[in-house]
Amino acid sequence: MNWTVEEARQAEHVTALEGAVNAHDAIDVKIGHVAVGQNDYAVYDGEQLIGYLMLFPYLPNEYEVNALVHPDYRKQGVFTALLDAAKRDAKENGCEAFTFVIDRKSKSGKAVVDHIQAAYQFSEYNLVLKKAELFLKPNEVSLREATDADRPVIIETLSEAFGDPVDVTENIYSQIDTPDRVTYIGEVEGRPVGVIRALLSGDDAASIHAFGVRASDQGQGYGTKMLKQMVQQLFRMGRTKLELDVETENKAALEIYKRAGFAENGGYEFYLLELVENTLTSKR
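Here the numbering used here is used: the first residue of the sequence shown is 26, the next is one more, and so on.
And the structure:
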């Protein structure tokens with residue numbers, strides 16, 4: 026069947042599709058779809074959204090992809106129509122590869138990446154806060170909310186923490202520098218040692234991300250103390266449903282999160298699909 030690909034009409038349509046997919050597949054996929062019509066592709070059957078694909082251009086030549094197809098419309102060419110439209114536009118903009126994010130419990134998602142012959146790259150755990158250590162006094166490390174003047178410090182710190190070139194870090198940060206996020210600087214005696222951010226969602230939830238300690242300050246317990254204070258700060262804002270993601274091979278970070286009260290709650294797998302032959306793409 027020939028499907029027409031367009032932009033998503035309303036965020037509520039994506040929310041409904043997300044709910045149908047999660048219920049059918051017994052997974053917990055969450056797609057950032059507040060600003061519909063930006064780097065997204067949709068297929069409708071009448072007024073019902075039956076397929077949705079969103080691109081996140083975290084690098085100029087490599088885009089992250091999240092996609093949903095309604096259970097009643099699978100194997101009918103919906104995903105193919107979405108992917109073809111996205112690939113066409115991405116190539117025109119200089120993109121060389123797609124990174125697909127798949128819930129590790131999603132059998133249908135894995136079947137799709139196998140079908141398109143995307144190559145497995147790495148996995149992440151999703152962690153949720155189970156037990157918060159409240160009333161923790163700032164000891165050695167303090168948090169302060171970042172200002173626009175802190176941007177160079179933020180980029181430099183995250184670049185050091187994750188081992189990425191400054192220009193790559195700058196590009197990724199520019200994609201996630203949105204009003205629904207808060208950023209804090211961790212300091213020791215007035216000297217910045219780390220950065221921690223959170224994406225605010227709904228009325229009481231937040232997702233912690235872009236959390237890193239400068240290379241020269243790692244191994245001194247600063248990360249754990251920053252994270253615990255960030256949890257308290259988010260609680261003060263009424264954000265008590267907290268989560269974060271961490272690469273499964275990052276054992277040091279995983280231990281920090283567990284010490285701060287987070288526990289595993291599923292996870293994601295990342296698969297790479299090259300759009301042009303013989304290209305070298307960076308690992309996120």
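Note that beta-carbon positions come from the ideal geometry of N, C-alpha and C, so glycine has one too.
Keep in mind the model is a prediction, meaning the values are calculated, not measured.
State the Cα-Cα distance for the pair residue i and residue j, rounded to the nearest angstrom.
i	j	result
H95	K112	21 Å
L80	N196	15 Å
L267	F295	22 Å
V271	A235	10 Å
Q101	E149	30 Å
M67	L225	Residue identity differs from the one stated: residue 67 is Ala in this sequence, not Met. The straight-line gap from Cα to Cα measures roughly 25 Å.
A51	A45	10 Å
G263	L300	43 Å
P82	V166	34 Å
Helix or strand or just coil, what does DSSP make of residue i?
i	result
P177	helix
V378	Nothing about residue 378 can be read from this structure; the chain reaches only from 26 to 309.
T29	coil
A67	strand
R309	Below a pLDDT of 50, predicted positions are generally treated as unreliable, and R309, at 41, falls in that range; no measurement from the model is reported.
Who pairs with residue i in a beta bridge, going by DSSP?
i	result
V94	G76
E87	L84, A122
V103	For V103, which the question treats as bridged, DSSP gives no partner whatsoever.
Inside the segment 251-304 only - beta strand (DSSP E) runs reaching at least 3 residues: 266-272, 287-299
Beta strand (DSSP E) runs wholly inside the segment 127-172, at least 3 long, in chain order: 144-154, 166-170
Are at least three pairs of beta-carbons, each pair with one atom in the segment 243-253 and one in the segment 212-223, less than 8 Å apart? yes
Where are the alpha helix (DSSP H) runs, 4 residues long or more, that stay fully inside the segment 194-236, in chain order? none
Could you check whether the segment 252-262 touches the segment 281-290, counting it as contact only if at least three pairs of C-beta atoms, one from each stretch, sit closer than 8 Å? yes
Those runs of the beta strand (DSSP E) which lie wholly inside the segment 33-60 and span at least 3 residues: none
Counting Cβ pairs, one atom from each stretch, are 3 or more of them under 8 Å apart for the segment 199-214 and the segment 125-142? no
Pair every Cβ in the segment 137-153 with every Cβ in the segment 188-207, then say whether three or more of these pairs are closer than 8 Å. no
Does the segment 30-46 come within contact of the segment 83-91, defined as at least 3 CB pairs closer than 8 Å? no
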